[in-house]
Amino acid sequence: MIHFKAIGKIMGALLMLLSLLMIPGVVFSLYFESGDHYPIIYSALTSFLFGSILFFSFSKQDQNIRKREGYLIVSMSWLFMSIFGMLPYILSGVVDNLPDAIFETVSGLTTTGATILTDIEATPKGILFWRSMTQWIGGLGIIVLTVAIFPLLGIGGIELFVAESPGPTSDKLHPRIRETAKRLWFVYIGLTISVGIIYFLEGMSFYDAVNHALTTMATGGFSTKNDSMAYFPPIIQYTAIFFMFLAGTNFTIIYFGLKGKFNKVWRSDEFKAYLIGVFTFTVLLFGPVLFYSGDGVENAFRDTLFQVVSLITTTGYVTADYTAYHSGLTLVFFMFLFLGASAGSTSGGIKFVRHLTFFKNSWLEFKRIVHPRAVVPLKINGDRVTGKIITHIMNFLLIYLMIFVIGSIIISLMGYDILTSFGAVATSLGNVGPAIGRVGPVDNFAFFDPFSKIFLSFLMLLGRLELFTILVLFTPYFWRAN
């Protein structure tokens, strides 16, 4: 039996927390006199009211969180955050219909970065800040934050952490889950503040620096400028490259690096594959980009490195239109939408560790064919990977591919060309932002019909929670009583 009272209480706490995170937008609205402070205040009050009703309607005795409740709480929390998170858009009139408001909110919370706004710089400052804040909230996962603070409310959090972090990584910073969550958020907040200060010192306005700090560390890609990062000088773009790469790194690796435990950093096969991958792709693509772009050497190198890091980390910032180079280069950049950076990072996508496991296992399969009686174990980070994990990863890759194919067919049946359909589904499922076709780096998603926007929003949620957390809810096994 599922304990819905415990779920309701936690949904209430989440909504109250969400309402508090809306308040900074009011400050920016009043400072810039953009006139959108009342819609944000009303949204915050509405969220807090509903949250309070849910939270105080149930006592501590109603709480009994198991794995099933954990998965249901995570899925419902993203649904609740999307519903109440879109209120500032609707009440301010920035977005005048529900499909667009849902799309923009889900895109923010899942750190996808796709947008339906056609003139970002004309958006009121308070709403624009809330747009960036949604990505920061979703960056590491609001559930991880609540794992750290819920024990103070008498609510346990281990099952929530497992459901929110369904990737194959098993690294832990501390044996107690609350302490793990706290350390993750200290790293996350510290890096956000650091990149914000650097942006400001390099010439961004305070407002732009704050917004881009939130979306850089979230690997989200929302910008305050229509031209995205192309608006800013090279020094800022190089800073963004460095911090996007960090944000795409497993946060436990960053923590160990900050503690000086570099042996644990270099022990990570995934981090080495991630580092080598970024370097290799940049070297291989630099020449063709230099040739087809006609830009100078430094500019071509910077654009190449920026787009490689931005797409692999699923950040989605833009400095150049990679679809304007050559169809072959466009295809290569499109393939990056299926990579993802590291498990345990704020990036979306499939993740390097899954690709690494797949290719290592495929390579070892040739050895097993030649030596059928030999025991040939697969090892990652020096540890043997169990058959259960390999099966899970293979299933994940197959289901991911199936969803991409079926999703592309559905979008194409709505009347869109095949490149646009492929691009929209791939970038939504991978939580990237820009893609190919009519959703390239200099385009947006405003032209999609309401059904397609809702469907793509669902794909964003699937990708953000790595498929199984949501898909398991559609199986009969989940709902059967124990």
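Position 76, counted from 1, in the sequence shown is what full-length UniProt numbering calls 76; the numbers after and before it change by one each time, with no gaps. The beta-carbon is built from N, C-alpha and C at its ideal position, and this holds for glycine as well.
I'd like the list of long-range same chain contacts for residue i, defined as Cβ closer than 6 Å, with 5 residues on each side in sequence excluded.
{"i": "L152", "result": "Residue placement at L152 is poorly supported in this model, since its pLDDT is 46, which falls under 50; the coordinates are not used for a value here."}
{"i": "F245", "result": "V309"}
{"i": "A446", "result": "I116, T118"}
{"i": "T111", "result": "Q135, G138, G139, A218, T219, G220, N431"}
{"i": "F478", "result": "V472"}
{"i": "F334", "result": "I436"}
{"i": "L290", "result": "A300"}
{"i": "F336", "result": "L311, I312"}
{"i": "I403", "result": "none"}
{"i": "S428", "result": "L456, L459, M460"}
{"i": "S228", "result": "Y317, V318"}
Distance, Cα to Cα, residue i vs residue j?
{"i": "P288", "j": "L473", "result": "46 Å"}
{"i": "G12", "j": "I53", "result": "7 Å"}
{"i": "L329", "j": "G294", "result": "15 Å"}
{"i": "G340", "j": "S457", "result": "19 Å"}
{"i": "T469", "j": "L72", "result": "8 Å"}
{"i": "N211", "j": "F366", "result": "50 Å"}
{"i": "L20", "j": "A320", "result": "37 Å"}
{"i": "G108", "j": "G196", "result": "19 Å"}
{"i": "L214", "j": "M204", "result": "14 Å"}
{"i": "L105", "j": "M76", "result": "It should be pointed out that residue 105 corresponds to Thr in this sequence rather than to Leu. Their Cα atoms are separated by approximately 15 Å."}
{"i": "F186", "j": "T192", "result": "10 Å"}
{"i": "I393", "j": "R373", "result": "24 Å"}
{"i": "K259", "j": "I253", "result": "10 Å"}
{"i": "T315", "j": "I241", "result": "10 Å"}
{"i": "W78", "j": "L461", "result": "8 Å"}
{"i": "F262", "j": "F256", "result": "7 Å"}
{"i": "L398", "j": "N250", "result": "24 Å"}
{"i": "F56", "j": "L305", "result": "51 Å"}
{"i": "V283", "j": "I276", "result": "11 Å"}
{"i": "H355", "j": "S47", "result": "40 Å"}
{"i": "L18", "j": "F448", "result": "29 Å"}
{"i": "N226", "j": "A209", "result": "15 Å"}
{"i": "V74", "j": "E298", "result": "45 Å"}
Among the options, which residue has its Cα nearest to the Cα of residue i?
{"i": "residue 488", "options": "Q237, L364, S75", "result": "A query on residue 488 cannot be resolved here, the shown segment of the chain reaching from 1 to 482 and no further."}
{"i": "I409", "options": "P372, Y231, A426, I393", "result": "A426"}
{"i": "V405", "options": "L459, V370, N444", "result": "L459"}
{"i": "F232", "options": "V318, L72, G382", "result": "V318"}
{"i": "G70", "options": "Y89, Y207, K9", "result": "K9"}
{"i": "P434", "options": "S205, S223, T249", "result": "S223"}
{"i": "V278", "options": "I312, M204, L45", "result": "I312"}
{"i": "A114", "options": "F103, E270, A122, T123", "result": "F103"}
{"i": "K67", "options": "V332, I7, G25", "result": "I7"}
{"i": "V376", "options": "G387, V439, L364", "result": "L364"}
{"i": "V332", "options": "S345, L285, A343", "result": "L285"}
{"i": "E270", "options": "N97, G382, G296, L419", "result": "G382"}
{"i": "V95", "options": "N226, D449, T123", "result": "T123"}
{"i": "L15", "options": "S428, S268, S82", "result": "S82"}
{"i": "F206", "options": "L413, L419, S327, F32", "result": "F32"}
{"i": "L49", "options": "L467, Y89, L30, F84", "result": "F84"}
{"i": "I350", "options": "G248, S268, I411, D443", "result": "G248"}
{"i": "F4", "options": "F28, L30, F58", "result": "F58"}
{"i": "Y274", "options": "G344, R131, Y89", "result": "G344"}
If you drop the 5 nearest sequence neighbours on each side, which residues of the same chain put their C-beta closer than 7 Å to that of residue i?
{"i": "K379", "result": "V385"}
{"i": "N361", "result": "L378, I390"}
{"i": "F281", "result": "V308"}
{"i": "E159", "result": "Reliability of the predicted coordinates at E159 is poor, the pLDDT of 49 falling under 50, and the value obtained from them is presented with this limitation in mind. These residues qualify, in order along the chain: I65, R66, K67, E69, G70."}
{"i": "G440", "result": "D321, T323, P434"}
{"i": "P234", "result": "R302"}
{"i": "M414", "result": "D449, F451, S452"}
{"i": "L30", "result": "H37"}
Tell me where the alpha helix (DSSP H) around residue i begins and ends.
{"i": "R373", "result": "First-last for R373: undefined, no H or E at that position."}
{"i": "K9", "result": "4-32"}
{"i": "N395", "result": "387-413"}
{"i": "H212", "result": "206-217"}
{"i": "F335", "result": "According to the sequence provided, residue 335 is Met. The question's Phe does not apply to it. 327-335 is the span of the alpha helix (DSSP H), which, as asked, contains M335."}
{"i": "G121", "result": "The question names Gly, but residue 121 is Glu in the sequence shown. From DSSP, E121 is part of no alpha helix (DSSP H); its letter is neither H nor E."}
{"i": "G51", "result": "37-56"}
{"i": "P476", "result": "476-479"}
{"i": "R464", "result": "450-464"}
In chain order, what residues of the same chain lie with their CB nearer than 8 Å to the CB of residue i, ignoring the 5 residues before and after it?
{"i": "P24", "result": "F129, M133"}
{"i": "T239", "result": "V195, I198, Y199, E202"}
{"i": "D417", "result": "G437, R438"}
{"i": "Y188", "result": "G139, L140, M217, F251, T346"}
{"i": "V26", "result": "H37, I40, I41, A44, G126"}
{"i": "W266", "result": "K272"}
{"i": "F358", "result": "I393, M394, L397"}
{"i": "N444", "result": "A114, T115, I116, L117, T118"}
Would you say residue i faces chain C, with C-beta separation under 7 Å as the test?
{"i": "E33", "result": "In the structure shown, chain C cannot be found, because there is only a single protein chain."}
(message) I'd like the ranges of any alpha helix (DSSP H) spanning at least 4 consecutive residues and lying wholly in the stretch 218-294.
(response) 234-247, 251-258, 262-266, 269-293
(message) Runs of 4 residues minimum, wholly inside the stretch 67-111: which ones carry the alpha helix (DSSP H) assignment?
(response) 67-85, 87-92, 98-109
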